[in-house]
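**Student:** Top to bottom, those sequences are chains A and B. Per my numbering, residue 16 is the first one in the first sequence, and the count goes up by one each step. Per my numbering, residue 45 is the first one in the second sequence, and the count goes up by one each step. Ideal Cβ placement from N, Cα and C applies to all residues, glycine included.
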Amino acid sequence: DAMVIQNPRYQVTQFGKPVTLSCSQTLNHNVMYWYQQKSSQAPKLLFHYYDKDFNNEADTPDNFQSRRPNTSFCFLDIRSPGLGDAAMYLCATSRDPRQEETQYFGPGTRLLVL
Amino acid sequence: GNSVTQMEGPVTLSEEAFLTINCTYTATGYPSLFWYVQYPGEGLQLLLKATKADDKGSNKGFEATYRKETTSFHLEKGSVQVSDSAVYFCALIEDTGGFKTIFGAGTRLFVKA
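#1: What would DSSP say about B:Asp98, mapped onto helix, strand or coil?
#2: Using a Cβ-Cβ cut-off of 8 Å, state whether B:Gln89 counts as contacting chain A.
#3: Alpha carbon to alpha carbon, how far is A:Phe120 from B:Asn46?
#4: To the nearest angstrom, how far is the alpha carbon of B:Val48 from that of B:Tyr110?
#5: List, in chain order, every chain A residue whose beta-carbon is nearer than 8 Å to that of B:Ile137.
#6: Helix, strand or coil, according to DSSP, for B:Val126 in the structure here?
#7: Along the stretch 53-64 of chain A, where does the CB come closer than 7 Å to a CB of chain B? Name the residues.
#8: Looking only at its own chain, which residues have a Cβ that is under 7 Å from the Cβ of A:Ser87, when we skip the five neighbours before and after it?
#9: At a CB-CB cut-off below 7 Å, which residues of chain A make contact with B:Phe117?
#10: Anything in chain B within Cβ reach of A:Asn70, meaning under 8 Å, just list it in chain order.
#11: Just how far apart, CA to CA, sit A:Val2 and A:Tyr104?
#12: Which residue marks the beginning of the beta strand (DSSP E) containing A:His44, and which one marks its end?
#13: Does the Cβ of B:Thr114 have 16 or more other Cβ atoms within 10 Å, making it buried, or fewer, making it exposed?
#14: Following the continuous beta strand (DSSP E) through B:Ala108, name the residue where it begins and the one where it ends.
#15: Identify the residues that DSSP records as bridge partners of A:Gln52: which are they?
#16: Considering just the uninterrupted stretch of the beta strand (DSSP E) at B:Gln82, what are its terminal residues?
#17: Which chain B residues are close to A:Pro76, counting only those with a beta carbon under 9 Å from its beta carbon?
#18: Are the C-beta of B:Ala97 and some C-beta of chain A separated by less than 8 Å?
#19: Of all the CB atoms in chain B, is at least one closer than 8 Å to the CB of A:Val46?
#20: State yes or no: is the beta carbon of A:Phe120 nearer than 8 Å to at least one beta carbon in chain B?
#21: Under 9 Å Cβ-Cβ, which residues of chain B neighbour A:Leu105?
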């Protein structure tokens with residue numbers, strides 16, 4: 016009964032080679048989030064989708080893009096990964112925050128950049 | 045800006061010991077406060093929350109009280125178990141209905157049998 020699924024769990028890419036991480040949800044939630052978490056640091060919000068509306072955080076690098084083709088799926092695209100982009104990437108969902116603020120997280124994808 | 049500060053870990057306790065993990069926050073509005081837990085190999089999951097001053101959140105023997113006067117939301121448990129070993133994150137959403145959750149850096153807890 017997995018609710019937020021992230022694939023793959025581990026991803027290795029080369030410096031500058033585009034990579035896509037995927038997230039799917041079975042909760043039918045309105046909002047999907049992508050966070051970056053570096054070792055021993057707090058998760059940092061990159062962007063979120065409210066339904067089809069995309070909301071980028073001001074300090075998210077242009078190198079990071081996202082797509083949400085339907086309610087269930089959301090993708091994180093890193094156009095030209097640098098060594099500093101190695102991190103855990105967490106996907107989360109929530110209902111309309113005006114009704115319920117709890118976020119539901121996937122297990123994360125750990126990205127290694129060689 | 046808004047921020048969350050929690051005590052550095054790791055915290056190592058023996059089974060049945062009392063646990064406190066300190067958390068303080070800075071916010072301009074009236075935040076909702078959360079504790080999330082991350083067990084090894086899993087995603088974060090909500091442990092408890094409080095949405096206004098003096099509210100107490102509780103779950104699985106853990107408690108935290110929203111203290112506006114000290115801007116704190118300390119996590120406590122009277123008797124920890126080995127299965128409580130995890131990373132604990134304090135977090136806030138600035139205003140009710142907001143989208144952006146701001147997390148603390150996390151505190152790793154080890155409980156020894």
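**Tutor:** Reading from the atomic positions:
#1: On the second sequence, residue 98 of chain B is found 54 positions in, with the first residue counted as 1. B:Asp98 falls in the coil class under three-state DSSP.
#2: Start at 1 with the first residue of the second sequence, and residue 89 of chain B comes out as number 45. Yes, because at least one Cβ of chain A sits closer than 8 Å to the Cβ of B:Gln89.
#3: On the first sequence, position 105 is the one that residue 120 of chain A refers to. On the second sequence, position 2 is the one that residue 46 of chain B refers to. Roughly 22 Å separates the two Cα atoms.
#4: Here the question's residue 48 of chain B lines up with position 4 in the second sequence. Here the question's residue 110 of chain B lines up with position 66 in the second sequence. Cα to Cα, the separation comes out at about 13 Å.
#5: Stepping through the second sequence from its first residue, residue 137 of chain B is reached at position 93. Pro112 and Glu116, listed in chain order.
#6: Against the second sequence, residue 126 of chain B aligns to sequence position 82. Reduced to three states, the DSSP call for B:Val126 is helix.
#7: Ser55, Gln56, Ala57, Pro58, Leu60 and His63
#8: Locating residue 87 of chain A in the first sequence gives position 72, where the first residue counts as 1. For A:Ser87, where only same-chain residues beyond five positions count, the Cβ hits under 7 Å are Ser39 and Gln40.
#9: Taking the second sequence and counting its residues from 1, the one referred to as residue 117 of chain B is at position 73. The contacting residues do not exist; B:Phe117 stays about 14 Å from chain A at best.
#10: If you number the first sequence from 1, residue 70 of chain A lands on position 55. Residues of chain B passing the Cβ test: Phe143.
#11: Outside the shown range of chain A, which is 16 to 129, sits residue 2 of chain A, and nothing can be said about it.
#12: One-based indexing of the first sequence puts residue 44 of chain A at position 29. First-last for A:His44: undefined, no H or E at that position.
#13: Position 70 of the second sequence, counted from the first residue, corresponds to residue 114 of chain B. When all chains shown are included, B:Thr114 counts as exposed.
#14: On the second sequence, position 64 is the one that residue 108 of chain B refers to. First-last of the beta strand (DSSP E) with B:Ala108: Phe106 to Thr109.
#15: Taking the first residue of the first sequence as 1, we reach residue 52 of chain A at position 37. Note: A:Gln52 sits in a beta bridge opposite A:Met103.
#16: One-based indexing of the second sequence puts residue 82 of chain B at position 38. Ser76 to Gln82 is the extent of the beta strand (DSSP E) around B:Gln82.
#17: Working through the first sequence from its first residue, we reach residue 76 of chain A at position 61. Here the premise fails: no neighbours, minimum Cβ distance about 18 Å.
#18: Residue mapping note: residue 97 of chain B aligns to position 53 of the second sequence, counting from 1. Cβ-Cβ to chain A under 8 Å: no for B:Ala97.
#19: What you label residue 46 of chain A is simply residue 31 of the first sequence in a count that begins at 1. Output row for A:Val46: interface = yes.
#20: Position 105 of the first sequence, counting from 1, holds the residue named residue 120 of chain A. By this cut-off, A:Phe120 is an interface position.
#21: Taking the first residue of the first sequence as 1, we reach residue 105 of chain A at position 90. Ordered by position in chain B, the residues that pass the 9 Å Cβ test against A:Leu105 are Gly87 and Leu88.
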